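Visitor:
2 protein chains.
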Amino acid sequence: MDLRIHTRESVAQMLRGRGINPTHQRIEIGLALFENPRHSSADEILALVNARHTEASKATVYNTLKLFVEKGMVRELIVDPNKVFYDSNTSVHHHFYDVITGELTDIPAEGVHIDGLPSLPPGSITEGIDVIVRIRQGH
Amino acid sequence: MDLRIHTRESVAQMLRGRGINPTHQRIEIGLALFENPRHSSADEILALVNARHTEASKATVYNTLKLFVEKGMVRELIVDPNKVFYDSNTSVHHHFYDVITGELTDIPAEGVHIDGLPSLPPGSITEGIDVIVRIRQGH
DNA sequence: ATTCGGATTAGACAAAGTCAAAATTATAAA
DNA sequence: TTTATAATTTTGACTTTGTCTAATCCGAAT
Chain C
1 MDLRIHTRES
11 VAQMLRGRGI
21 NPTHQRIEIG
31 LALFENPRHS
41 SADEILALVN
51 ARHTEASKAT
61 VYNTLKLFVE
71 KGMVRELIVD
81 PNKVFYDSNT
91 SVHHHFYDVI
101 TGELTDIPAE
111 GVHIDGLPSL
121 PPGSITEGID
131 VIVRIRQGH
Chain U
140 MDLRIHTRES
150 VAQMLRGRGI
160 NPTHQRIEIG
170 LALFENPRHS
180 SADEILALVN
190 ARHTEASKAT
200 VYNTLKLFVE
210 KGMVRELIVD
220 PNKVFYDSNT
230 SVHHHFYDVI
240 TGELTDIPAE
250 GVHIDGLPSL
260 PPGSITEGID
270 VIVRIRQGH
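Quick note, the sequences are listed as chains C and U, same order.
Counting in our numbering, the first sequence runs from 1 upward without gaps.
Counting in our numbering, the second sequence runs from 140 upward without gaps.
1. Once you ignore the five residues that flank Ser227/U on each side, which residues in its own chain have a CB closer than 6 Å to its CB?
2. Should Thr265/U and Ile100/C be called a contact, given that it needs their Cβ atoms to be closer than 7 Å?
3. Taking a Cβ distance cut-off of 8 Å, strictly less, list which residues of the region 184-216 of chain U are near chain C, in chain order.
4. Let me confirm a value: Leu48/C is counted as buried when at least 16 other C-beta atoms fall within 10 Å, else exposed. Which label applies?
5. Under 8 Å, with one C-beta from each stretch per pair, do the region 140-154 of chain U and the region 112-125 of chain C reach the 3-pair mark?
6. Between Gln137/C and chain U, is there a C-beta pair that is closer than 7 Å?
7. Any C-beta of chain C sitting closer than 7 Å to the C-beta of Ile239/U?
8. Is the beta carbon of Gln25/C less than 7 Å from the beta carbon of Thr60/C?
9. Taking 7 Å as the threshold (beta carbon to beta carbon), is Arg38/C in contact with chain U?
10. Cβ closer than 7 Å: which chain C residues qualify as neighbours of Phe235/U?
11. Can you tell me whether Tyr113/C is helix, strand or coil according to DSSP?
12. CB-CB under 8 Å to Lys83/C, same chain, minus the five flanking residues each way: which ones, in chain order?
13. Compare the C-beta of Thr265/U with all C-beta atoms of chain C and state if any pair is closer than 7 Å.
14. Per DSSP, what kind of secondary structure is His95/C in: helix, strand or coil?
15. Just how far apart, CA to CA, sit Asp237/U and Gly128/C?
16. Would you please state the rounded distance, in angstroms, between the beta carbons of Glu76/C and Glu55/C? I believe it to be under 8 Å.
17. Could you tell me the boundaries of the beta strand (DSSP E) in which Leu104/C lies?
18. For Gly169/U, count the other beta carbons within 10 Å of its own beta carbon; 16 or more makes it buried, fewer makes it exposed. Which is it?
19. For chain U, find out if any of its Cβ atoms is closer than 7 Å to the Cβ of Val92/C; answer yes or no.
20. For Gln137/C, list the residues DSSP reports as bridge partners.
21. How far does the alpha helix (DSSP H) with Asp182/U in it extend, from its first residue to its last?
22. Name the chain U residues that come within less than 7 Å of Leu117/C, Cβ to Cβ?
23. His39/C and Tyr86/C look like a contact to me (Cβ under 8 Å); what is the Cβ gap, rounded to whole Å?
24. Would you mind stating whether His93/C and Ala109/C have Cβ atoms separated by less than 7 Å?
25. DSSP on Val200/U, reduced to helix/strand/coil?
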């Protein structure tokens with residue numbers, strides 16, 4: 001993710017760059033993901049994409065999000081017991097998660113250090129490290 | 140959680156200590172949680188509790204687990220997109236999570252340091268910090 | 001035009017969890 | 001002991017999120 005303006009063409013480029021065939025639906029879904037700075041659930045993406053005209057079905061949205069995750073275009077966030085969030089910011093960073101409102105806020109990775117983690121179980125490789133600071137309003 | 144043998148009586152004590160009325164069902168559910176060193180899902184607890192005789196309904200298991208979490212008797216782990224795990228170890232520690240098998244392994248907190256986290260958003264308090272190292276076998 | 005494979009779709013389905021109302025159990029008071 | 005009251009549990013319907021299958025559609029290349 002970066003701060004450029006995203007157009008259908010720029011999203012198509014991004015898809016090609018990852019070896020993804022840039023179909024109409026995938027472009028619309030990519031656009032919805034990257035235009036929205038926030039962390040969206042599959043349902044929100046489905047609603048966004050079909051807000052003007054109906055562009056993609058539920059199955060396609062789910063399939064496409066899974067494809068994007070596999071190809072490293074978006075990051076899956078598992079913080080809410082009910083639904084998965086998709087983060088279009090794939091650079092290393094962490095999150096505050098408000099357990100009451102469900103709101104997610106980025107924590108930039110700069111300056112955050114984690115050390116003392118034990119070595120991985122033999123034969124395994126790291127998929128990623130999630131640091132989630134669960135917060136709530138109040139005293 | 141500790142390494143003592145857990146009996147119905149010791150679980151009842153633990154419940155009283157947290158201000159929870161120790162009913163038959165709650166004791167059975169507590170026993171299932173604390174006898175099993177592993178990280179169990181609600182469904183697994185339901186099955187465990189009713190393995191011999193039918194002891195508690197689905198609703199009661201869900202209600203009771205929620206109650207236990209509120210009272211700090213168990214910790215909720217949100218790492219799997221499908222289900223919540225309940226960890227009877229409430230001391231500070233982190234987890235390896237095998238994204239393929241779903242297996243969870245404890246990482247003792249001793250020696251693990253996290254620093255450089257920004258201050259919390261104003262007015263908020265920490266509920267806890269989850270560090271999840273996602274791993275897979277391979278390649 | 002025809003074929004072939006990839007992509008999309010509808011709609012049925014599954015799993016996890018919630019909820020409201022009724023039934024049960026325990027507690028305490030009369 | 002009866003009665004009243006509160007707490008707990010249960011049933012079963014329901015919601016939400018996500019998956020699956022089979023049919024269809026689309027697009028590129030014969």
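A virtual CB, placed ideally from N, CA and C, is assigned to each residue, including glycine.
Source: prediction; values computed, not measured.
Guide: Reading it off the structure:
1. As a first step, residue 227/U must be located in the second sequence, where it is residue number 88. Closer than 6 Å at Cβ, skipping near neighbours: Met140, Leu172, Phe173, Val213.
2. For the purposes of this step, residue 265/U is taken as the residue at position 126 of the second sequence. For the purposes of this step, residue 100/C is taken as the residue at position 100 of the first sequence. No, the pair does not count as a contact, with Cβ atoms beyond the cut-off.
3. Glu215
4. As a first step, residue 48/C must be located in the first sequence, where it is residue number 48. Buried: at least 16 other Cβ atoms inside 10 Å.
5. no
6. As a working mapping, residue 137/C is identified with position 137 in the first sequence. Gln137/C counts as touching chain U.
7. In the second sequence, residue 239/U corresponds to position 100, counting from 1. Ile239/U does not count as touching chain C.
8. For the purposes of this step, residue 25/C is identified with residue 25 of the first sequence, where counting begins at 1. For the purposes of this step, residue 60/C is identified with residue 60 of the first sequence, where counting begins at 1. Result yes, Cβ atoms of Gln25/C and Thr60/C sit closer than 7 Å.
9. Taking the first residue of the first sequence as position 1, residue 38/C is located at position 38. No - not a single Cβ of chain U is within 7 Å of the one on Arg38/C.
10. As a position in the second sequence, residue 235/U is number 96, starting the count at 1. Residues of chain C passing the Cβ test: Pro121.
11. To locate residue 113/C, count along the first sequence from 1; it is residue 113. The question names Tyr, but residue 113/C is His in the sequence shown. Three-state DSSP puts His113/C in a strand.
12. Start at 1 with the first residue of the first sequence, and residue 83/C comes out as number 83. These residues qualify, in order along the chain: Ser41, Ala42, Asp43.
13. Here residue 265/U refers to the residue found at position 126 of the second sequence. By this cut-off, Thr265/U is an interface position.
14. Here residue 95/C is taken as the residue at index 95 of the first sequence, counted from 1. His95/C: strand per DSSP, three-state reduction.
15. On the second sequence, residue 237/U is found 98 positions in, with the first residue counted as 1. On the first sequence, residue 128/C is found 128 positions in, with the first residue counted as 1. Spanning the two alpha carbons is a distance of roughly 11 Å.
16. Working through the first sequence from its first residue, we reach residue 76/C at position 76. Working through the first sequence from its first residue, we reach residue 55/C at position 55. At roughly 22 Å, the Cβ-Cβ gap does not stay under 8 Å, so Glu76/C and Glu55/C are not in contact.
17. Stepping through the first sequence from its first residue, residue 104/C is reached at position 104. From DSSP, the beta strand (DSSP E) with Leu104/C extends over 104-108.
18. Your numbering for residue 169/U matches position 30 in the second sequence. Its Cβ being crowded by 16 or more others within 10 Å, Gly169/U is buried.
19. For the purposes of this step, residue 92/C is identified with residue 92 of the first sequence, where counting begins at 1. For Val92/C, the answer is no, since every Cβ of chain U falls outside 7 Å of its Cβ.
20. Position 137 of the first sequence, counted from the start, is the residue given in the question as residue 137/C. For Gln137/C, which the question treats as bridged, DSSP gives the partners Ser263/U.
21. Looking up residue 182/U in the second sequence gives position 43. First-last of the alpha helix (DSSP H) with Asp182/U: 181-188.
22. One-based indexing of the first sequence puts residue 117/C at position 117. Under the 7 Å cutoff, chain U gives Ile246, Val251, Val272.
23. As a working mapping, residue 39/C is identified with position 39 in the first sequence. As a working mapping, residue 86/C is identified with position 86 in the first sequence. Their Cβ separation, rounded to whole angstroms, is 7 Å, which keeps His39/C and Tyr86/C in contact under 8 Å.
24. Taking the first residue of the first sequence as 1, we reach residue 93/C at position 93. Taking the first residue of the first sequence as 1, we reach residue 109/C at position 109. The answer is yes: Cβ separation under 7 Å.
25. Here residue 200/U refers to the residue found at position 61 when the second sequence is read from its first residue. Three-state result, Val200/U: helix.
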